[in-house]
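Report on the structure given below.
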Amino acid sequence: MTPSLSGKSRYLLFPLALFYWGAVLWRNLFYTIGFFVTRHLPVPVISVGNLTVGGTGKTPAVIYLAQKLQENGFKPAVLSRGYGRRTTGTVVVSDGEKCLAGWEKGGDEPYLMAKRLSGIPVVVDELRYRGGCFIVEKFHPDVILLDDAFQHRALARDLDIVLLNSQDSPEAYKMLPYGKLREPPFHLRRADLLIWTKRNLSRPPVSVRSRVAQQSVPTLSSRLLVEQELRSSDGMVMSLAGLKGKRVFAFCGVGDPKSFFSIVEETSADIVGLKAFDDHHHYNKEEMEHILSDPKITEVDYFITTEKDLFKAAPYFESDKLYALGVEFRPTRTGEKELLVMVKKILE
């Protein structure tokens with residue numbers, strides 16, 4: 341998360357950012373010179389990661405890639421750390437046929453991927469090499485998609501994709517906890533491909549584009565498209581057009597709530613309130629009751645949230661009141677061709 345401090349008090353975080361920068365620099369140097377070991381799996385690995393914390397759209401991108409690989413005759417599997425889960429070790433979230441672990445055991449994003457991907461196993465393990473070996477032995481894929489792993493250099497990858505959020509401001513491009521950077525921008529040179537996400541929502545600031553362009557890495561653009569149907573936790577479907585003129589309260593617990601809220605506001609609904617929680621938020625009865633008790637919300641027609649939040653918040657709402665607004669990762673037409681060429685090159 342980006343620091344919530346503002347003004348002069350925010351500068352108190354600068355020494356911590358400097359210390360973090362040094363730690364990251366030495367860690368990457370040790371991997372580069374071989375002091376830290378990077379291990380290889382017997383199948384190709386495609387990593388989808390980011391440079392900043394949260395909000396770049398990794399989950400929709402992994403779903404898109406997995407489906408494209410499947411459509412092109414490959415047999416992919418997904419491996420994630422499972423951030424925020426209440427378990428450790430190797431957990432099979434989906435065997436490709438059915439979900440075997442809920443979001444509490446597998447993590448909210450892996451669980452969402454498991455729900456969206458048919459015929460594609462989803463496994464979580466904080467030790468990616470161990471999880472990868474398990475996937476190879478159990479499911480025999482011909483390619484593994486590594487979720488959120490640009491910084492996880494203990495496992496080698498054959499294609500390193502880094503997503504960059506077009507919505508990020510220049511202030512975000514400072515090291516944690518002062519800004520949102522996990523690594524300095526020049527570390528993007530390790531990547532094989534950069535993808536600007538959400539370009540249909542905003543254009544990256546000139547200063548940010550310039551810093552990224554200096555790294556001389558192939559770069560594509562993608563859009564975040566809204567699905568035309570909203571779904572409830574029990575499978576009810578409502579047309580996106582059905583929100584027009586309806587009183588709506590929107591909430592989410594994602595890394596980039598700004599993008600979600602801007603999409604909701606474009607539906608022509610009558611927005612009575614917006615509420616952003618921390619990314620990967622675990623909802624509880626008390627906070628939901630607090631929201632529902634607000635007088636201005638008593639006449640709300642629908643509560644709208646993200647797919648990642650739907651199954652976590654559903655127990656506290658009437659099933660016909662809470663719907664998820666789904667989104668899709670979509671490269672430009674030219675970008676999609678270039679991306680598939682790079683992917684097929686490592687697989688054929």
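In my numbering, the protein residues as written are 341 to 688.
Glycine is no exception: its CB is placed at the ideal position from the N, C-alpha and C atoms.
Give every residue of the same chain whose Cβ lies closer than 6 Å to the Cβ of Asp488, excluding the five residues on either side of it in the sequence, and list them in chain order.
-> Gly389, Lys398
Nearest-angstrom beta carbon gap, Ile386 and Leu486 [assumed within contact, 8 Å] | 7 Å
Candidates Ser602, Asp660, His622, Gly395, of which the one nearest Arg425 by Cα | His622
Go through its chain and collect everything with a Cβ distance to Cys439's Cβ below 6 Å, but skip five positions before and after it.
-> Ala454
Use the C-beta contact count for Phe600: other C-beta atoms within 10 angstroms, 16 or more gives buried, fewer gives exposed.
-> buried
Give the straight-line distance between the Cα atoms of Phe479 and Arg470, rounded to the nearest whole angstrom.
-> 14 Å
When Pro525, Leu632, Glu627, Pro545 are compared against Val588, the one with the closest alpha-carbon = Leu632
Is Ile460 helix, strand or coil by DSSP?
-> coil
Nearest-angstrom Cα separation, counted from Pro517 out to Ser344 | Residue placement at Ser344 is poorly supported in this model, since its pLDDT is 45, which falls under 50; the coordinates are not used for a value here.
Decide if the region 449-467 is in contact with the region 415-433; the criterion is three or more beta carbon pairs, one per stretch, under 8 Å apart.
-> yes
Around the C-beta of Thr607, are 16 or more other C-beta atoms found within 10 angstroms, so that it is buried, or is it exposed?
-> buried
Can you list, in chain order, the residues of its chain whose CB lies under 7 Å from that of Val548, leaving out five sequence neighbours each side?
-> Asp508, Pro510, Tyr513
Name the residue from Ser562, Pro525, Gln555 whose alpha carbon lies nearest to the alpha carbon of Ser542.
-> Ser562
Take Arg539 as the anchor and find which of Thr672, Lys520, Leu369, Leu391 has the nearest alpha-carbon.
-> Thr672
Can the beta-carbon of His528 be found less than 9 Å from the beta-carbon of Val502?
-> The question names His, yet the displayed sequence has Leu at residue 528. Yes, Cβ-Cβ distance for Leu528 and Val502 is below 9 Å.
Thr428 to Lys445 span [Cα, whole Å] = 8 Å
Cβ-based burial, Asp448 [other Cβ within 10 Å; buried from 16] = buried
Among Gly436, Val483, Gly442, Leu381, which residue has its Cα nearest to the Cα of Lys685?
-> Val483
Along the chain, where does the alpha helix (DSSP H) that runs through Ile603 open and close?
-> 597-605
Note down, one range per segment and in chain order, each alpha helix (DSSP H) of at least 4 residues found wholly within the region 569-637.
-> 597-605, 625-632
For the alpha helix (DSSP H) that contains Thr372, what are its first and last residues?
-> 354-372
Presumed contact (8 Å Cβ cut-off) between Leu665 and Ile603, rounded CB distance | 7 Å
State the beta-bridge partners of Pro416 as determined by DSSP.
-> Val483
Touch test, the region 623-643 against the region 657-664, Cβ-Cβ under 8 Å, three pairs minimum | yes
Going by DSSP, what residues sit across from Glu668 in a beta bridge?
-> Leu565
Let me know the secondary structure DSSP gives Thr342 once reduced to three states.
-> Reliability fails at Thr342, whose pLDDT of 41 lies under 50, so the model's placement of it is uncertain and no value is given.
Whose C-alpha, out of Asp532, Cys473, Gly519, is nearest the C-alpha of Glu678?
-> Asp532
Cα separation between Pro400 and Arg551?
-> 25 Å
In terms of DSSP beta bridges, what is Tyr642 paired with?
-> Val588
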